[in-house]
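Below: one structure, written as structure tokens.
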Amino acid sequence: MTARHAASVTPAALAVLDSVEGIDLEGLNAEAELQTRIDRKYMLPIGTLPGILGRLPDGVRVLDLDGTRASEYESVYFDTPELTSFRLAAHARRRRFKIRTRSYVESDASFLEVKTRGGRALTVKDRIAVDPAATDALSGEARAYADQVLAEAGIVDLGRTSLDPVLTTSYRRATLLLPAEPGRPASRATIDVDLAWIDRGVDGRFGRVLRTPGSAIVETKSGSQAGAVDRLLWSAGHRPMRVSKYATGLAAMRPGLPANRWSRVLDRHFRAAAATAEPHG
1 MTARHAASVT PAALAVLDSV EGIDLEGLNA EAELQTRIDR KYMLPIGTLP
51 GILGRLPDGV RVLDLDGTRA SEYESVYFDT PELTSFRLAA HARRRRFKIR
101 TRSYVESDAS FLEVKTRGGR ALTVKDRIAV DPAATDALSG EARAYADQVL
151 AEAGIVDLGR TSLDPVLTTS YRRATLLLPA EPGRPASRAT IDVDLAWIDR
201 GVDGRFGRVL RTPGSAIVET KSGSQAGAVD RLLWSAGHRP MRVSKYATGL
251 AAMRPGLPAN RWSRVLDRHF RAAAATAEPH G
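So this is what it looks like as structure tokens:
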């Protein structure tokens, strides 16, 4: 293991996961590769995580990448000048999409990901590998791939409309594999901490940065039935919330955008942070 890929220290809120059995990425995908799934998202005070994680069921495993159990991620979200992707989400259109590059910082791997949502509330994610040094723009090949995915999903025809970087997000993520239960397949859950949003401005240049150190985002990924982490969160009084790293983050940083869809999570987790957002760099 090189110094570049040395294991990083697990954030304090996730420290209990250091005692959980690990699983590598190949094993995780073999047991629960859910590219088509129902996602449930929760945003909660970070101080509640240790108590919740301490009640995980027997048999749970955590993704371990060369000793790192909370990996660094960076995503760059692309949208049209009219913010088509954002507005489809803001107005709860049945068919909508997100386009982003996602970088796994420790492993020097990057992907273009196109997420589409159809009429049955199912999220489908398609992706291809891209050059880690070129994640701030869509190459001709990457743009053609995004257009093809959108066309096949029947979402929207962007034509020659440009897709520009609008928002960058960064965070530390732990990924859990929950064992299969009677009548329920294995499921996954992710926990994101150290959350930060960077507004790229109207011309793609970096603007302000917003941080929410007191909050975590938990996302469960399962089939049609709720998984073990959902039931654990419900028992602790947490319910799914409408939250999107891209759309909610952009609404928090640009108050003039439509945001009623995320008013609850904005009031609880973003407003105070947005008021103190600082210039990037």
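Counting from 1, one number per residue, gives the positions in the sequence shown under UniProt numbering.
Built from N, CA and C at the ideal position, the CB exists for glycine as well.
Beta-bridge partners of residue i, as assigned by DSSP
i           : result
residue 116 : 97 and 124
residue 212 : Residue 212 is not bridged to any residue.
residue 219 : 41 and 190
residue 72  : 172
residue 130 : 110
residue 31  : Beta-bridge pairing links residue 31 to no other residue.
residue 102 : 75 and 111
residue 61  : 177
Contact check, residue i vs residue j, beta carbons under 8 Å
i           : j           : result
residue 200 : residue 73  : no
residue 189 : residue 46  : no
residue 65  : residue 107 : yes
residue 62  : residue 175 : yes
residue 195 : residue 211 : yes
residue 241 : residue 261 : no
residue 78  : residue 131 : no
residue 266 : residue 257 : no
Of the residues the options, the one placed nearest residue i, counting alpha carbons only
i           : options               : result
residue 126 : 266, 194 and 150      : 150
residue 101 : 110, 60, 95 and 253   : 110
residue 255 : 227, 132 and 274      : 274
residue 92  : 118, 76 and 105       : 118
residue 114 : 30, 98, 123 and 105   : 98
residue 122 : 229, 153 and 143      : 153
residue 209 : 159, 280, 143 and 261 : 280
residue 259 : 89, 55, 53 and 132    : 89
residue 116 : 278, 86, 49 and 29    : 86
residue 214 : 43, 23, 26 and 15     : 43
residue 230 : 56, 82 and 146        : 56
residue 12  : 27, 21, 26 and 49     : 49
residue 59  : 124, 26, 249 and 228  : 228
residue 19  : 250, 53 and 83        : 53
residue 26  : 177, 235, 182 and 185 : 177
Nearest-angstrom Cβ-Cβ length linking residue i and residue j, presumed shorter than 8 Å
i           : j           : result
residue 41  : residue 193 : Not a contact, Cβ separation roughly 15 Å.
residue 270 : residue 252 : 4 Å
residue 187 : residue 222 : 4 Å
residue 162 : residue 80  : 7 Å
residue 155 : residue 96  : 7 Å
- Query: On the three-pair Cβ rule with 8 Å, is the segment 72-87 touching the segment 152-172?
  - Reply: At 8 Å Cβ cutoff, the stretches touch.
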